[in-house]
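Undergrad: Per this note's numbering, the very first residue in the sequence shown carries number 15; after that it's consecutive.
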Amino acid sequence: MVHLTPIIILVRPQLGENIGHVARAMANCGLRKLRLVAPRDGWPNPAAQAPAAGADWVLEETEVFATAADAVADLHDVYATTARPRGMLKEVATPRHAAREIRAKEQMGRQVGVLFGAEATGLTNEEIVLAETLITIPTAPDFSSLNIAQAVLLIAYEWLAAADATPNAALQLGDAVPATQREIDNLIGHLETELMLSGFLRPPEKIPHMMRNIRNIFLRMNLTDQDVRTLRGMIKSLALYGRSAGKPRA
């Protein structure tokens with residue numbers, strides 16, 4: 015089995031120096047997969063080199079994406095870091111708890127990514143929706159601010175330390191493989207189209223909230239690619255049934 019490690023995803027990072035510090039923190043804990051979403055100063059950025067302190071392989075293999083959705087499309091599970099309540103029905107975990115979950119998922123062959131927001135603004139609600147679990151880092155209430163490299167290091171360290179604490183979990187998938195975020199996105203898009211045609215999604219101003227709730231339901235299911243194909247077949251069959259005035263397809 016391929017040895018999986020979590021992918022660190024920085025959304026709209028502002029300074030090359032900060033990216034370099036993140037690369038060093040990742041290398042300290044055995045992580046090498048870094049993705050950047052719309053870095054403010056572009057990439058590659060020479061300013062990242064010195065702070066990386068020799069973690070050149072992390073910088074050299076860094077991938078760049080236009081949006082957070084693009085950056086997680088090929089992943090199976092997504093975690094997002096946040097410092098404030100979001101009013102969404104999502105699991106909230108400490109770094110230690112999340113690290114053990116991530117280790118267990120990796121043993122099942124699931125590729126996990128962790129989203130980190132911009133230094134000044136964090137992640138938007140639209141980016142938070144991409145994750146099934148939120149990670150909050152406990153800090154002193156009178157001084158809770160962490161820089162991006164500190165946050166990455168804390169989570170990467172917990173992942174490293176969880177190696178001996180992770181149970182040998184395994185999920186028998188048969189010939190199926192875990193569904194990627196892209197496959198789940200396509201499933202949700204298919205469902206949204208049919209729900210619009212059926213009149214379920216109304217009034218218009220509530221549609222974004224309703225679809226966020228629907229997405230959260232699917233993200234909690236750990237779907238396989240076969241699950242997605244089955245669900246899409248069910249949606250198609252129900253849609254055809256409705257369009258034929260209640261007559262099932264022959």
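Where a beta carbon is used, it is the ideal one built from N, C-alpha and C, also for glycine. Since we're looking at a predicted model, the values are computed, not measured.
1) Taking only three categories from DSSP, how would you classify I23?
2) Just the C-alpha distance for A94 and S258, rounded to the nearest angstrom, thanks.
3) Give me, in chain order, the residues of the same chain whose beta-carbon lies closer than 8 Å to that of A177; leave out the 5 immediate sequence neighbours on both sides.
4) Cα separation between A107 and I23?
5) Between the segment 65 to 82 and the segment 197 to 208, do three or more beta carbon pairs fall short of 8 Å?
6) Quick one: what's F157 bridged to in DSSP?
7) What are the boundary residues of the alpha helix (DSSP H) that includes R49?
8) Since I believe G101 is in contact with A62 (beta carbons under 8 Å), could you give me their beta-carbon distance rounded to a whole number of angstroms?
9) Nearest CA to the CA of Q195: which residue from D91, D70 and N59?
10) At which residue ranges does the segment 39 to 119 contain complete alpha helix (DSSP H) runs of 4 or more residues, listed in the order of the chain?
11) Report yes if the CB atom of L50 is closer than 8 Å to the CB atom of P27, and no otherwise.
12) In whole angstroms, give me the CA-to-CA distance for E208 and W173.
13) Tell whether a beta-carbon distance below 8 Å holds between E105 and T147.
14) What residues match up with G127 in a beta bridge as DSSP calls it?
15) Measure the alpha-carbon distance for N42 versus S158 and round it to whole angstroms.
16) Kindly confirm or deny that the segment 123 to 139 and the segment 212 to 225 touch, where touching means at least three C-beta pairs closer than 8 Å.
17) If distances are taken between C-alpha atoms only, which option among N161, N230, S212 and H35 comes closest to T96?
18) Hey, P192 and T150 are a contact pair by Cβ (cut 8 Å); roughly how many whole angstroms apart?
19) Just list the residues that DSSP pairs G136 with in beta bridges.
20) In the DSSP output, which residue or residues are listed as bridge partners for L148?
21) Which of helix, strand or coil does DSSP assign to T194?
TA: With the structure as the only source:
1) strand
2) Rounded to the nearest whole angstrom, the C-alpha separation of A94 and S258 is 43 Å.
3) R117
4) 18 Å
5) no
6) F157 is not bridged to any residue.
7) Run containing R49: none in the alpha helix (DSSP H); it sits in the beta strand (DSSP E), L48 to V51.
8) Actually they are not in contact, since the Cβ atoms of A62 and G101 sit about 35 Å apart, beyond 8 Å.
9) Taking only the C-alpha atoms, the option nearest Q195 is D91.
10) For the segment 39 to 119, the full-length alpha helix (DSSP H) segments reaching 4 residues or more read 63 to 66, 70 to 74 and 82 to 86 along the chain.
11) The answer is yes: Cβ separation under 8 Å.
12) 40 Å
13) Yes, Cβ-Cβ distance for E105 and T147 is below 8 Å.
14) I21 and V92
15) Distance between the alpha carbons of N42 and S158: 24 Å.
16) no
17) Nearest option by C-alpha distance: N161.
18) The Cβ separation is near 25 Å, so there is no contact.
19) Per DSSP, the beta-bridge partners of G136 are A132.
20) A94 and V106
21) In the displayed model, T194 falls within coil according to three-state DSSP, outside both helix and strand.
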